[in-house]
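Novice: Numbering (this note's numbering), first residue to last: 677 to 1021.
Ideal Cβ positions, reconstructed from N, Cα and C, are used throughout, including at glycine.
1) Using only the alpha-carbon positions, how far apart do residue 822 and residue 932 sit?
2) Exposed or buried, what is residue 872 when buried is set at 16 or more other beta-carbons lying within 10 Å of its beta-carbon?
3) Buried or exposed: where does residue 1004 fall if 16 or more other Cβ atoms within 10 Å of its Cβ makes it buried?
4) Pairing CB atoms from the segment 917-929 with CB atoms from the segment 807-817, are three or more of them under 8 Å?
5) Tell me whether residue 728 sits in a helix, a strand or coil according to DSSP, three-state version.
6) Leaving out five residues before and five after residue 890 in sequence, what residues of the same chain have Cβ atoms less than 7 Å from its Cβ?
7) Which complete alpha helix (DSSP H) runs does the segment 706-777 hold, if anything under 4 residues is left out?
8) What is the rounded straight-line gap between the Cα of residue 937 and the Cα of residue 977?
9) For residue 889, list the residues DSSP reports as bridge partners.
10) Quick one: what does DSSP say residue 699 is sitting in, helix, strand or coil?
11) With H, G and I counted as helix, E and B as strand and the rest as coil, what does DSSP make of residue 994?
12) Once the 5 residues before and after residue 686 are set aside, which same chain residues still bring their CB inside 6 Å of it?
13) From this set, 706, 733, 741 and 885, which residue's C-alpha is nearest residue 721's C-alpha?
14) Kindly indicate the opening and closing residues of the alpha helix (DSSP H) around residue 880.
15) Does the separation of the CB atoms of residue 957 and residue 733 fall below 8 Å?
16) Please state if the CB of residue 724 and the CB of residue 737 are separated by a distance shorter than 8 Å.
17) Rounded to the nearest angstrom, how far is the Cβ of residue 876 from that of residue 898, given a contact under 8 Å?
18) Take residue 1017 and list the residues in its own chain whose beta-carbon comes closer than 8 Å to its own, dropping the five residues that flank it on each side.
19) What is the DSSP secondary structure of residue 976, counted as helix, strand or coil?
20) In whole angstroms, what separates the C-alpha of residue 910 from that of residue 820?
21) Leaving aside the five residues before and after residue 802 along the sequence, list all residues of the same chain whose C-beta is less than 6 Å from its C-beta, in chain order.
22) Using only CA atoms, which one of 839, 970, 1014 and 955 lies nearest to residue 787?
23) In whole angstroms, give me the CA-to-CA distance for residue 940 and residue 706.
24) Which two residues bound the contiguous beta strand (DSSP E) that contains residue 939?
25) Run through the DSSP bridge pairs and tell me what residue 959 is partnered with.
26) Between residue 902 and residue 927, which are expected to be in contact by the criterion C-beta below 8 Å, what is the C-beta distance as a whole number of angstroms?
27) How many Å lie between residue 975 and residue 969 at the Cα?
28) Taking the alpha-carbon positions, what's the residue 711 to residue 755 distance?
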């Protein structure tokens, strides 16, 4: 008959925990999906969107919020062993990431909702897709400007001296003010003015007396607008300013008569990123009508899924939002940023 000592049983039990318990921990960890995106979206994504996806899939979304250019640098640095599995970035940064081999093309078999997207939301045969389309105008403080803002000329108006906030050209939303400046200087439509950098910087230089600050961190700058220290904030998204308005902040988003801009939001799969199946589930969810309807309701964006319904009372500015030539932007952006730093310092 075989006998077991108490010590032996304890040792065996400990070994059992080491052998059977640790894989359980690994399994729990493997349900974590690291997703990169803009810092400004963290609040509403964590409150309204991620919990739905987590319940559907059993994953835990770990969100890493920062600027698109910073996320690009992270993808480059981690190329050999990616930490992120999915990234939400602006289209011009997506183009760079794809060209550098950092993205994995989406497979319709793994993300079937891609077939329900409008054709213009699918880029390079699935290199990345747009899951929403915020529009861009001028954020303003309603207490300071109860009549609103009807023209981009308001940014230059003497009455707003020291009251204007601009996004840095390091931020994608900084591009809109540059195009507006070229348009106002030349009288050319946005489609032509976007190529006239000399005119843009000439006009931008005359804006300096009106500047309160130039930001790279949008939420911090938003505090200045909401407090009334700033009156106007150029290049702002419906997906942030209108959320703040709905939450009771004294702000609104103007659609100036010259036109508004389109800033479709992209989502992609990181090449060789961890948890590929969970990444596919997350991507497919973001392409679904269910998630896009939540985003339309909570963040005031246009969906790209053809089956998604707009909530009652959803207001779309008149006209077609202007989207720039992103290839031209990427080709010239570094030089523009250097010139921006010289002119706007």
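Specialist: If we stick to the structure as given:
1) Counting from 1 along the chain shown, the entry for residue 822 is found at position 146. Counting from 1 along the chain shown, the entry for residue 932 is found at position 256. One C-alpha to the other measures close to 15 Å.
2) The residue given as residue 872 occupies position 196 in the chain shown. Its Cβ being crowded by 16 or more others within 10 Å, residue 872 is buried.
3) Within the chain shown, residue 1004 is the residue found at index 328, counting from 1. Answer is exposed; the Cβ neighbour count stays below 16.
4) yes
5) Position 52 of the chain shown, counted from the start, is the residue given in the question as residue 728. Of the three classes helix, strand and coil, the one that applies to residue 728 here is helix, per DSSP.
6) Position 214 of the chain shown holds residue 890. Hits under 7 Å: 842, 844 and 1020.
7) 726-733, 744-753 and 767-775
8) Counted from its first residue, the chain shown places residue 937 at position 261. Counted from its first residue, the chain shown places residue 977 at position 301. Approximately 13 Å between the Cα atoms of the pair.
9) Your numbering for residue 889 matches position 213 in the chain shown. DSSP, once it has assigned bridges, lists 841 as partnering residue 889.
10) Position 23 of the chain shown holds residue 699. Because the pLDDT of residue 699 is 36, which lies under 50, any placement of that residue in the model is unreliable, and the question is left without a value.
11) If you number the chain shown from 1, residue 994 lands on position 318. Residue state, collapsed to three classes: coil.
12) Here residue 686 is taken as the residue at index 10 of the chain shown, counted from 1. Because the pLDDT of residue 686 is 38, which lies under 50, any placement of that residue in the model is unreliable, and the question is left without a value.
13) Sequence index remark: in the chain shown, residue 721 carries index 45 (1-based). Looking at the Cα atoms, 741 is the closest of the given residues.
14) The residue given as residue 880 occupies position 204 in the chain shown. 873-881 is the extent of the alpha helix (DSSP H) around residue 880.
15) Translated into the one-based positions of the chain shown, residue 957 becomes position 281. Translated into the one-based positions of the chain shown, residue 733 becomes position 57. Contact flag set, yes.
16) By 1-based counting over the chain shown, the position of residue 737 is 61. By 1-based counting over the chain shown, the position of residue 724 is 48. Result no, Cβ atoms of residue 737 and residue 724 do not sit closer than 8 Å.
17) Position 200 of the chain shown, counted from the start, is the residue given in the question as residue 876. Position 222 of the chain shown, counted from the start, is the residue given in the question as residue 898. Not quite, the Cβ-Cβ distance comes to about 25 Å (not below 8 Å), so this is no contact.
18) As a working mapping, residue 1017 is identified with position 341 in the chain shown. Here the set comprises nothing.
19) To locate residue 976, count along the chain shown from 1; it is residue 300. Looking at residue 976 - three-state DSSP - the assignment turns out to be coil, as it is neither helix nor strand.
20) To locate residue 910, count along the chain shown from 1; it is residue 234. To locate residue 820, count along the chain shown from 1; it is residue 144. Cα-Cα distance, rounded: 15 Å.
21) Against the chain shown, residue 802 aligns to sequence position 126. The answer, listed in chain order, is 781 and 782.
22) As a working mapping, residue 787 is identified with position 111 in the chain shown. Checking every option, the nearest Cα to that of residue 787 belongs to 955.
23) One-based indexing of the chain shown puts residue 940 at position 264. One-based indexing of the chain shown puts residue 706 at position 30. Spanning the two alpha carbons is a distance of roughly 31 Å.
24) For the purposes of this step, residue 939 is taken as residue 263 along the chain shown, with counting starting at 1. No beta strand (DSSP E) contains residue 939, which DSSP labels as neither H nor E.
25) As a first step, residue 959 must be located in the chain shown, where it is residue number 283. Answer is none; residue 959 lacks a bridge partner.
26) For the purposes of this step, residue 902 is taken as residue 226 along the chain shown, with counting starting at 1. For the purposes of this step, residue 927 is taken as residue 251 along the chain shown, with counting starting at 1. So it is a contact: roughly 6 Å between Cβ atoms.
27) Indexing the chain shown from 1 puts residue 975 at position 299. Indexing the chain shown from 1 puts residue 969 at position 293. For residue 975 and residue 969, the distance between alpha carbons rounds to 10 Å.
28) Sequence index remark: in the chain shown, residue 711 carries index 35 (1-based). Sequence index remark: in the chain shown, residue 755 carries index 79 (1-based). Going by the C-alpha atoms only, they are around 15 Å apart.
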